[in-house]
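Student: So the protein lines, in turn, are chains C and S.
Using full-length UniProt numbering, you'd call the opening residue of the first sequence number 1 and step up by one each time.
Using full-length UniProt numbering, you'd call the opening residue of the second sequence number 1 and step up by one each time.
Yeah, the Cβ is synthetic: ideal placement off N, Cα and C, and Gly gets one too.
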Amino acid sequence: MPRSKPNWSPLWLTCVLLGLTAVHAIDVLTVPQQVSLSANTSTQQLAISWLGGAAATFDLMILRTEFNMTVFYDTVSATVNRESGRHQWVWTSVEPLECTSLSVRIRSRDGETTSDWSHTQILQGNDLPSYEKIQVLPQDRIVPVGANTTFCCIMEEGKQFGIIKYGNTVMHETRLSRRSYAVTAVNQGLSSQSGTNVFCYDKLKSNSWGSVVFVGYPPLPSDFVCETHDLISAVCRWNGGRDTRLYGKRGTHYTLNNRKCDFSSTQKRDEWRVAQWEGNWTLVATNPLGRHVLTDSAELRHRVRPVAPESLNSAVHAWNATVQWKYDIYSSLALDCQVELSSQGYKTKRTFSGLGLRSVVLSDLEPDEDYSVQVRCGAQQNFWNWGSWSKPLSFKTNAYAPEALDVWMWINKDYTAQVIWKPLTRRQSHGLITRYEVTFWSPEENRQRTEFFLPDTSAVLINLTQIATVSGDDKVTATVIARNAAGVSQPASVHIPLRLTDVEPGPVARAVYTDSGFPLFWQRGDNAACAYVVEWYEASCKWDCPVGWIKVAAGTTNVSVESADFQPGVMYDISLYSITSEAPELLQRWQGYMQELVPSASVSLSTTQQGSDILLAWGEIPLADRRGFLLGYNVYVSSGSELTLLANLSDLGSREYTVKGLSEGSYKFTVKAYTSAGEEAGVTASITLEPYTDWLILEILASMGITAVFLVIVTFVCYKKRKWVKKAFYPDIPEPKLPGDWSRSQEPLDVKPSPHSLVHMVERPEWDSSKEVLIVIPEEEENEDGLGDEPADTDEPASLRYYNHVADERPIRPRFPDSSSSSASSLDSARTDVTYTGIQTSGSSLVFQLDPQGSSEGHQPQADLSFCRGGGGGGGGGGGGGGGGGYRPQMQSRAPSDDTDLVSPEPFFEPQAASSGGYKPQSSWHLDSPVEAGENDGLAPSLGSPTSITSTQFLLPDGEEHADERRSSSAATWFTNLLSSTKP
Amino acid sequence: MAEQEEQQQITALDAPVPGPSQTERAVALARLLHHECARLLQLYKEKETFSSDHTPDAGRIVSLSPDSEEPSTEQQVQLLHSALRQCLGLIHCVILKEEEEWGELEGDYETMRKNVRLRLEHLLSSTKVLVETENVTVEVTPDHQCNEETDGAGGVFGLKMWTYRVLLELVHWADHAAQTLHVLHTERAGTEDV
């Protein structure tokens, strides 16, 4: 500092002051000197120190050297190291300090006045040419979850940058220098066990390298506590907390009271043992991301947790056992010990106390039972925690006499009975049952009989009828005891009545099941009941039924019956008996279902048509299939797939229903029984409604009746108008005209079928041309005998003979002239086999009118059709009233008479008897009598007799000698009459 | 399921089988080892998210210098045995370093790694029987001290890359073993047939 001698002139003084001020300013803003850089690459911090004179603030500039890019420029207040007098300031870089070279310059600042910049100091990065290989920075960084980390990749010299991947994610890079590129992973998530890889590739992916970052948590243990087992040492435990995701040498390290816990590779990392109790404990958990401290403090006696009892043994009896164990180290410590008793899968705990407790007596055990015990103990005073359980000890208690049995009975309808008892459970039998002993005795007669049964027996069958015959008492008592190796049970008895009555105590009530069973109530009885028995069984069971029962104390008036055997849909009969010194007395009965279901079976349905109605009838559902109380029946009619309810019948007694007013067609009816649970599936019956058959029959009968009446009327009218009818439908046949003299010819006519017949058809102008008559001219005479010798039935035309009916001397006079052609036609017809029937037709018959009156127009022509045997009559009178031996009508010969004459055969006989020969109805012919045939002088050729189809009569030769025979044949007469009666 | 079958197959192959087909058994062992090494490499790449194009560019870790230019098959098997011993040393070293780095883990990779080590030991025992004579004695112990620096500057990534290279080396030498032993088996089988 320049100084000068004092000059007291004001001008000089002013100048001096100004000069001093200027010099002072220059001294304060000294350019920082000796700038030095110290880099901490792990923390990425750059410590900058310099000699900076008296300035308190400095401008600090940090640039990436290669690109001269400012990364930091700010005015800072640097601290001064009093020893070295150097200013120092620490800058933390986002990127690793090695990523690229950094240049640092500093200048002093005093207000707005600054000094010159210091010389630039360069922190050399790894991107210098001397580092040729590819690099990724930082390496092996450990960061907490959620941190942001910037990585840089320095490419190999001469290689072009490609990509940087954080795990599998390609990152967006920032170029820091010619070779250096940076990426930043933000909010980093937990890494895998081996860390997260960061890869850097060149453009061709021919060169790559990378780094690993571990992202995890700082340690966070909890529940740190120390205790003692042996009253000397300490065992400290803690919970390791969340997984820090840092393993191996980066994992959490623990120190306990500043002593490192060196865990082996197989050791749990949450427990550490210390040889001596220290009272105060400090656990420090440390990993690269942080540390956590836990403390604990306690007196030894307050942290006693006894070890597990060892060497357990037992002394066993029937109802108790003594368990002992070794516990030497706690002889002076008051202990609470827990004994866990296990049997049949159930566990109970019992607690015992005592100084140095080493044995306990377990009472209230069950005989002949397997037990397993475990023991653990804790300090009685300042109880801290139970010790570990001992190893289990098993033992079995001794056997004991069984408990008394629960005995009841079941009586069948046939006076057989069962003494039944509930099998003893394992707990009740107190040992293996070896047998049951049943004693029957009658108190009055003082007789008893004991029987022994196997252990699996629970019922004994007895015959009450047999006992009753030998016992005068009205009951027999059965006493049952059970025996095992340790003794016998108390006897249990039941009185069985020998005289049964079927008297019901009253109406059977309905029991409704609830969650607690069937609640039953009854009135207190007057009898001296010492107990009650409620018995139940399936209602559908009839013989040796499985019975359940409970005994109820006297004075009780209600009970709820519950059984695991109750099944849904099963009806149970429940009975209440009073137990006295006599036989049990039935007091009340119930029926009930545990749960009502729909019936399991359907009714049997039948359908019957009743006119236009249909009667549906069905049967009853068996009790076992009802599965509930039936409430009624629903009757449906099916229409397609739908059921339409026709009726709901709640009257169970009526099991039929009539569907009325149906039209013809097919119907399907379904009947479903229902309970409170619903209706069953139902049964369907089909029926086709047909027309009423009675009406049909009536219609038929009516039609027949009408027809019959009509016929009667027609017949009556025809009868009354028979003349008109005859005239209209059967006019008289014209008489044949004989061209020659027929008077001498009394010989039989032999009609030859020769075309050269001498019969001439004479046309009669006044007659219908269709009515032809035959004029027969006899060709030769023939004896009667000759005729009889001829065969009865022949086709020979020459053998057919027609006899002249003329018996007297009168010439045969044809009634009507006839043409020859007509005669020829008649002869032609005579040559055929059916000639005889054909002859009778109106147009072709040989008709000889005997009655002169027959020429009358009103004469019945057909009634006059008849054949006579020629000469047979021996000059018998002609027809009509006068002459014998002539032709006469087959059925009637006279003029119309009353019907009775027509019907009766007698009128024929009289004129026939008067005549010497003639014809009679064929029906009187004795076809099967050869004798008769012989007696008839060979007239037998009955087969040759012509037959009238129209009249169904045969023309037979008649004679007086046959009159008596005809009378004797009443059957033939009747037949003849019948046939005759059919002809009007 | 497939790994269980492989395990059964391994057990069957590992059982001492008397008879002339020792070479055949060695070939089968080598092929199985090759399969397991390939599987181990695949598991490692999956675990470390190494993409398929990420291949270390360094050369062989295990290299052999045969005494003669055209060694016989027996000599080749002897060389193979030596290489396999180095591979065994390398897998031992990998296991050691990885457990030091990350502790003892129990994943698929770690299980397969253990299998490969055991299989390699058995293959060495098998090849020893094949090449050992009265004049030639071979060892089956690992031939690696595991004190060498891993790749790079000792970082974890360097260890991973080195492990990757070791696994590739195992695949290579297991395949080589299968081929060489097959040649030996073919030759010996032909001789026996004659």
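Between V156(S) and chain C, is there a C-beta pair that is closer than 8 Å?
Tutor: Walking along the second sequence from the start, residue 156(S) turns up at place 156. With 8 Å as the cut-off, V156(S) counts as an interface residue toward chain C.
Student: Entirely within the stretch 156 to 193 of chain C and at least 3 residues each: give me those beta strand (DSSP E) ranges in chain order.
Tutor: 161 to 166 and 180 to 185
Student: Relative to the C-alpha of R141(C), which residue among K97(S), V156(S), H92(S) and W173(S) is closest?
Tutor: In the first sequence, counting from the first residue as 1, residue 141(C) sits at position 141. The candidate whose alpha carbon is nearest that of R141(C) is V156(S).
Student: Rounded to the nearest angstrom, how far is the Cβ of N239(C) from that of D262(C), given a contact under 8 Å?
Tutor: Your numbering for residue 239(C) matches position 239 in the first sequence. Your numbering for residue 262(C) matches position 262 in the first sequence. With a Cβ gap of about 20 Å, N239(C) and D262(C) do not count as contacting.
Student: Could you work out which residues of chain C lie near W102(S), taking near to mean beta carbons separated by less than 7 Å?
Tutor: Here the question's residue 102(S) lines up with position 102 in the second sequence. Residues of chain C passing the Cβ test: Q193, S194, Y247 and G248.
Student: Could you tell me which residues DSSP pairs with Q374(C) in its beta bridges?
Tutor: For this step, residue 374(C) is matched to residue 374 along the first sequence. DSSP, once it has assigned bridges, lists E340(C) as partnering Q374(C).
Student: Can you tell me where the alpha helix (DSSP H) with A708(C) in it begins and where it stops?
Tutor: Counting from one through the first sequence, the residue named residue 708(C) turns up at place 708. Where A708(C) is concerned, the enclosing alpha helix (DSSP H) stretches over T693 to K720.
Student: Locate the alpha helix (DSSP H) running through I91(S), then write down its first and last residues.
Tutor: Counting from 1 along the second sequence, the entry for residue 91(S) is found at position 91. Taken as a continuous stretch (DSSP letters only), the alpha helix (DSSP H) holding I91(S) covers T73 to W102.
Student: Does any C-beta atom of chain C lie closer than 8 Å to the C-beta of E106(S)?
Tutor: As a working note, residue 106(S) is residue 106 in the second sequence. Taking Cβ atoms only, chain C never reaches closer than 8 Å to E106(S), which makes this a no.
Student: May I ask which residues mark the beginning and end of the alpha helix (DSSP H) holding I467(C)?
Tutor: Locating residue 467(C) in the first sequence gives position 467, where the first residue counts as 1. Following the DSSP letters along the chain, one finds I467(C) inside the alpha helix (DSSP H) bounded by residues L464 to V470.
Student: Using a Cβ cut-off of 8 Å, which residues of the stretch 120 to 138 of chain C contact any Cβ in chain S, in chain order?
Tutor: V136
Student: Expressed to the nearest angstrom, what Euclidean distance is found between the alpha-carbon atoms of D110(C) and D116(C)?
Tutor: Position 110 of the first sequence, counting from 1, holds the residue named residue 110(C). Position 116 of the first sequence, counting from 1, holds the residue named residue 116(C). Their backbone Cα atoms lie some 12 Å apart in a straight line.
Student: So, helix, strand or coil for G190(S), using DSSP?
Tutor: On the second sequence, position 190 is the one that residue 190(S) refers to. It is helical.
Student: Using a C-beta cutoff of 8 Å, does S343(C) count as contacting chain S?
Tutor: Indexing the first sequence from 1 puts residue 343(C) at position 343. Between S343(C) and chain S, the shortest Cβ-Cβ separation is not below 8 Å.
Student: When DSSP labels each residue in this structure, what does K396(C) get in the three-state scheme?
Tutor: As a working mapping, residue 396(C) is identified with position 396 in the first sequence. Correct three-state label for K396(C): strand.
Student: At least one CB of chain C closer than 8 Å to the CB of V194(S): is that the case?
Tutor: Residue 194(S) sits at position 194 when you count from the first residue of the second sequence. The predicted position of V194(S) is uncertain, since its pLDDT is 38 and thus under 50; a value taken from the coordinates is nonetheless stated next. Chain C, which has no Cβ nearer than 8 Å to the Cβ of V194(S), makes this no.
Student: Since K47(S) meets chain C, which of its residues come closer than 8 Å, beta carbon to beta carbon?
Tutor: Along the second sequence, read from residue 1 onward, the residue named residue 47(S) stands at position 47. Neighbours of K47(S) on chain C, chain order: S192 and S194.
Student: Using a C-beta cutoff of 8 Å, does D270(C) count as contacting chain S?
Tutor: On the first sequence, residue 270(C) is found 270 positions in, with the first residue counted as 1. Residue-level contact by beta carbon fails for D270(C) and chain S, as no gap is shorter than 8 Å.
Student: Considering Cα atoms alone, identify which of P599(C), T608(C) and R358(C) is closest to L662(C).
Tutor: Against the first sequence, residue 662(C) aligns to sequence position 662. Considering only alpha carbons, the answer is T608(C).
Student: For K97(S), which residues in chain C fall below 9 Å Cβ to Cβ?
Tutor: Here residue 97(S) refers to the residue found at position 97 of the second sequence. Under the 9 Å cutoff, chain C gives no residues; its nearest Cβ is about 10 Å from K97(S).
Student: Could you tell me the alpha carbon to alpha carbon distance between W421(C) and Y415(C), rounded to whole angstroms?
Tutor: Looking up residue 421(C) in the first sequence gives position 421. Looking up residue 415(C) in the first sequence gives position 415. If you take the alpha carbons of W421(C) and Y415(C), they lie about 19 Å apart.
Student: Between the stretch 505 to 519 of chain C and the stretch 468 to 478 of chain C, do three or more beta carbon pairs fall short of 8 Å?
Tutor: no
Student: Check M69(C) in the structure and name its three-state DSSP category.
Tutor: What you label residue 69(C) is simply residue 69 of the first sequence in a count that begins at 1. Here M69(C) sits in strand by DSSP.
Student: At a CB-CB cut-off below 9 Å, which residues of chain C make contact with K160(S)?
Tutor: The residue labelled residue 160(S) in the question sits at position 160 within the second sequence. The contacting residues are S194, G195, N197, G210 and V212.
Student: Give the straight-line distance between the Cα atoms of L333(C) and S353(C), rounded to the nearest whole angstrom.
Tutor: Walking along the first sequence from the start, residue 333(C) turns up at place 333. Walking along the first sequence from the start, residue 353(C) turns up at place 353. Each residue's Cα considered, the two are about 11 Å apart.
Student: For a contact defined as C-beta to C-beta under 8 Å, what are the partners of G251(C) on chain S?
Tutor: The residue you call residue 251(C) lines up with position 251 of the first sequence. In chain order: G103.
Student: Could you compute how far the alpha carbon of D572(C) sits from the alpha carbon of S604(C)?
Tutor: Here residue 572(C) is taken as the residue at index 572 of the first sequence, counted from 1. Here residue 604(C) is taken as the residue at index 604 of the first sequence, counted from 1. Position check: residue 572(C) holds Tyr in this sequence, whereas Asp was assumed. Going by the C-alpha atoms only, they are around 25 Å apart.
Student: Who are the Cβ neighbours of E299(C) in its own chain at under 6 Å, not counting the five residues just before and after it?
Tutor: Taking the first sequence and counting its residues from 1, the one referred to as residue 299(C) is at position 299. So the list is empty, once near-sequence residues are dropped.
Student: What residues in its chain sit with their C-beta under 6 Å from that of G190(S), if we drop five residues either side in the sequence?
Tutor: By one-based count along the second sequence, residue 190(S) stands at place 190. Within the same chain, G190(S) has no close Cβ partners at all.
Student: When you compare only the Cα positions, how much space is there between A401(C) and T322(C)?
Tutor: Stepping through the first sequence from its first residue, residue 401(C) is reached at position 401. Stepping through the first sequence from its first residue, residue 322(C) is reached at position 322. One C-alpha to the other measures close to 22 Å.
Student: To the nearest angstrom, how far is the alpha carbon of Q374(C) from that of W389(C)?
Tutor: For this step, residue 374(C) is matched to residue 374 along the first sequence. For this step, residue 389(C) is matched to residue 389 along the first sequence. Looking at the two C-alpha atoms, the distance is approximately 6 Å.
Student: Please report how far the alpha carbon of I163(C) lies from the alpha carbon of M171(C), in whole angstroms.
Tutor: Here residue 163(C) refers to the residue found at position 163 of the first sequence. Here residue 171(C) refers to the residue found at position 171 of the first sequence. Approximately 7 Å between the Cα atoms of the pair.
Student: Taking Cβ-Cβ distances below 9 Å as the criterion, which residues of the stretch 154 to 183 of chain C are in contact with chain S?
Tutor: K165, G167 and N168
Student: If the cut is a Cβ gap below 9 Å, which residues of chain S does S42(C) touch?
Tutor: Translated into positions along the first sequence, residue 42(C) becomes position 42. None at all; the shortest Cβ gap to chain S is about 13 Å.
Student: Which complete beta strand (DSSP E) runs does the stretch 581 to 637 of chain C hold, if anything under 3 residues is left out?
Tutor: List check, beta strand (DSSP E) in window: 585 to 593, 605 to 610 and 613 to 618.
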